[in-house]
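Heads up, the final residue of the sequence shown is numbered 72 in the working numbering, and it's a clean run with no missing numbers. Cβ coordinates follow ideal geometry from the N, Cα and C atoms, glycine included. What follows is one structure encoded as structure tokens, with my remarks underneath.
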Amino acid sequence: MLGTLKVTQHNPKNTWHNVPMQNFSNNSDIDWSKTISEIDQQLDEKYSLSNDEINFIETKVQAMK
8 MLGTLKVTQH
18 NPKNTWHNVP
28 MQNFSNNSDI
38 DWSKTISEID
48 QQLDEKYSLS
58 NDEINFIETK
68 VQAMK
């Protein structure tokens, strides 16, 4: 999402326009106490990701260790 607006090293606030804000508090619509896989599923649903988009993420983004 950042890459859609970031074409140089310049990094003004509006560069981050397409990156959604997340609420990490206990009042969030995402249950952050779940496993990474379960959180991913909640985020997929929240942002109405298609199966193609989910597959792209799962095949292109490496899990953090």
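Hey, residue i and residue j are a contact pair by Cβ (cut 8 Å); roughly how many whole angstroms apart?
i	j	result
I37	K20	Not a contact, Cβ separation roughly 24 Å.
F80	W39	Residue 80 is absent from the structure shown; the chain starts at 8 and stops at 72.
Measure the alpha-carbon distance for residue i versus residue j and round it to whole angstroms.
i	j	result
Q69	S35	25 Å
S55	Q16	31 Å
T42	I61	17 Å
I64	N33	26 Å
Please state whether DSSP places residue i in a helix, a strand or coil.
i	result
N33	coil
T22	helix
S44	helix
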